[in-house]
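What follows is a set of notes on a single structure, which appears directly below.
In the working numbering, the protein residues as written are 66 to 530.
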């Protein structure tokens with residue numbers, strides 16, 4: 066990057082207000098790093114627990130000289146009926162408290178606005194998600210462009226756009242939700258997409274037309290992490306030592322391991338997790354299973370111990386209880402397949418790693434992501450999930466997918482036949498495209514420059530008026 070352009074960028078200040086959930090915080094920090102690598106000052110609004118949780122990777126970025134920081138505000142959790150220290154969706158004892166968490170975060174508005182008043186340079190724009198309404202008001206108050214960053218892809222955005230236009234779902238609750246989202250979107254200056262043009266070319270083009278070229282595909286953001294230590298630190302503190310994890314992976318043949326992880330807020334019923342465990346065992350393949358069941362973890366742990374599952378599979382299975390260093394795992398050559406819930410962060414990480422996927426969506430846009438992976442990109446095999454498993458209502462759903470269905474999907478992804486080879490070939494090609502997109506001169510790198518230039522022009526116009 067030219068020195069003159071870098072100096073111009075240093076006059077810009079992006080303020081990011083993420084939703085308090087790992088699925089939002091992690092790509093937010095990634096995006097902040099990408100922006101900071103272009104010389105832009107970036108401030109992320111956060112709370113004490115989240116600052117502690119995600120601080121390690123940010124500290125590394127600061128030590129490397131990047132102009133990026135947390136602005137920490139205390140969250141009045143107990144005032145809103147939340148447990149002390151509950152500052153993220155995955156910390157909630159039950160989904161019924163999600164509204165209280167959003168309200169608690171909304172109470173930070175006055176403190177954030179006071180920070181904007183006193184900051185230097187003043188924020189050039191605000192990045193926030195559509196689910197947070199108060200940044201809309203703050204952006205208006207200070208006449209700052211607000212850019213949406215939800216961490217979704219263009220395919221999902223187009224699906225939502227079509228659903229809104231056709232009004233297929235007319236229930237009062239869904240209608241109100243769509244209206245709130247559309248108001249938030251219509252008042253935004255633009256949208257940042259954590260994807261790359263080559264991955265979803267037609268959908269990206271159409272979405273950019275709808276947004277009048279104010280939609281920028283600048284991902285995959287996770288590719289800003291280059292070395293092993295960075296990959297291991299991304300997200301929460303791993304529940305396994307990185308060296309122990311790498312030693313286990315190094316002992317396996319290339320492309321032989323199935324990695325099963327169903328997301329940071331997964332609270333799948335223990336009976337359903339048992340079916341997954343039995344499928345991994347009956348596949349007779351090496352596997353890594355990230356075991357997470359929220360407050361019901363003791364139940365699945367009891368089964369693992371009493372059934373003898375871990376003992377029976379100890380020679381070829383690795384159980385990670387809690388947070389896994391997912392980037393580190395997926396980038397290892399031993400991984401041959403990824404069993405995923407189809408959250409976009411995980412899906413895109415699988416694409417970057419060039420790993421075919423076993424798709425098991427649970428709710429919301431995860432079903433759109435599955436269609437993109439299985440039907441459009443043709444790098445995945447579905448387990449056949451048809452019903453939405455609402456977060457907090459897992460007990461009502463019971464066992465949705467039996468072990469035999471899971472085993473068959475795993476076998477199809479890992480098979481050495483023609484279909485399996487073609488699937489792996491496509492996955493590797495997309496991985497190469499992803500890495501090229503983020504490099505200097507690539508589509509995402511150029512889009513990031515366009516975004517920054519656009520905000521610079523907006524800032525200059527505002528300052529001269």
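Here a beta-carbon is modelled for each residue, glycine too, at the ideal position from N, C-alpha and C.
For clarity, every value in this text was computed on a predicted model and none was experimentally measured.
{"query": "Length-filtered (4 minimum) alpha helix (DSSP H) runs lying within the region 405–485", "result": "409–418, 431–436, 459–462 and 468–479"}
{"query": "Distance between beta carbons of residue 413 and residue 284, contact taken as under 8 angstroms", "result": "7 angstroms"}
{"query": "Residues bridged to residue 194 [DSSP beta-bridge criterion]", "result": "Answer is none; residue 194 lacks a bridge partner."}
{"query": "Cβ neighbour criterion (16 or more within 10 Å) applied to residue 231", "result": "exposed"}
{"query": "C-beta contact flag for residue 422 and residue 438 at 8 angstroms", "result": "yes"}
{"query": "Residue 76 versus residue 517: straight-line alpha-carbon distance, rounded", "result": "11 angstroms"}
{"query": "Coil, strand or helix - residue 199 by DSSP", "result": "helix"}
{"query": "Identity of the residues DSSP links to residue 78 by a beta bridge", "result": "106"}
{"query": "Cut-off 6 angstroms between Cβ atoms - residues of its own chain near residue 259, not counting five sequence neighbours on either side", "result": "92, 216, 284 and 286"}
{"query": "According to DSSP, residues forming a beta bridge with residue 211", "result": "191"}
{"query": "Residue range of the beta strand (DSSP E) that includes residue 382", "result": "382–386"}
{"query": "Extent of the continuous alpha helix (DSSP H) to which residue 366 belongs", "result": "362–372"}
{"query": "Residues that DSSP places opposite residue 399 in a beta bridge", "result": "Answer by DSSP bridge pairing: none, since residue 399 is not bridged."}
{"query": "Contact under 8 angstroms by Cβ, residue 489 with residue 443", "result": "no"}
{"query": "Contact check, residue 62 vs residue 303, beta carbons under 8 angstroms", "result": "Residue 62 lies beyond the stretch modelled for the chain, which goes from 66 to 530, so this question has no answer here."}
{"query": "Cβ pair residue 112, residue 132 closer than 8 angstroms", "result": "no"}
{"query": "Residue 111 - partner residues in DSSP beta bridges", "result": "137"}
{"query": "Secondary structure of residue 283, DSSP reduced to three states", "result": "coil"}
{"query": "Rounded Cβ spacing between residue 354 and residue 300 (contact assumed at less than 8 angstroms)", "result": "Actually they are not in contact, since the Cβ atoms of residue 354 and residue 300 sit about 18 angstroms apart, beyond 8 angstroms."}
{"query": "DSSP three-state assignment for residue 326, whether helix, strand or coil", "result": "strand"}
{"query": "Residue 222 versus 398, 178, 174 and 275, residue with shortest Cα-Cα distance", "result": "275"}
{"query": "Assumed close pair residue 219, residue 272 - CB separation to whole angstroms, cut-off 8 angstroms", "result": "4 angstroms"}
{"query": "Bridge-paired residues (DSSP) for residue 255", "result": "212"}
{"query": "Whole-angstrom C-beta distance between residue 340 and residue 436, which should lie under 8 angstroms", "result": "With 8 angstroms as the limit, residue 436 and residue 340 do not qualify as a contact, their Cβ atoms being about 23 angstroms apart."}
{"query": "Pick from 332, 247 and 98 that is closest to residue 154, judged by C-alpha positions", "result": "332"}
{"query": "Delimiting residues of the beta strand (DSSP E) encompassing residue 352", "result": "352–356"}
{"query": "Extent of the continuous alpha helix (DSSP H) to which residue 169 belongs", "result": "163–171"}
{"query": "Stretch-stretch touch, CB-based, cutoff 8 angstroms, three pairs: the region 403–417 with the region 368–377", "result": "no"}
{"query": "Status (buried if at least 16 other CB within 10 Å, exposed otherwise) for residue 143", "result": "exposed"}
{"query": "Continuous alpha helix (DSSP H) stretch holding residue 310: start and end", "result": "307–315"}
{"query": "Distance between residue 513 and residue 104 (C-alpha atoms, nearest Å)", "result": "12 angstroms"}
{"query": "Spatial neighbours of residue 83 in its chain, beta-carbon cut-off 6 angstroms, leaving aside the 5 residues before and after", "result": "89, 90 and 93"}
{"query": "Local conformation of residue 151 per DSSP, three classes", "result": "coil"}
{"query": "Buried or exposed by the 16-neighbour rule on C-beta atoms within 10 Å, applied to residue 108", "result": "buried"}
{"query": "Coil, strand or helix - residue 178 by DSSP", "result": "helix"}
{"query": "Exposure label - residue 292; buried when at least 16 CB within 10 Å", "result": "exposed"}
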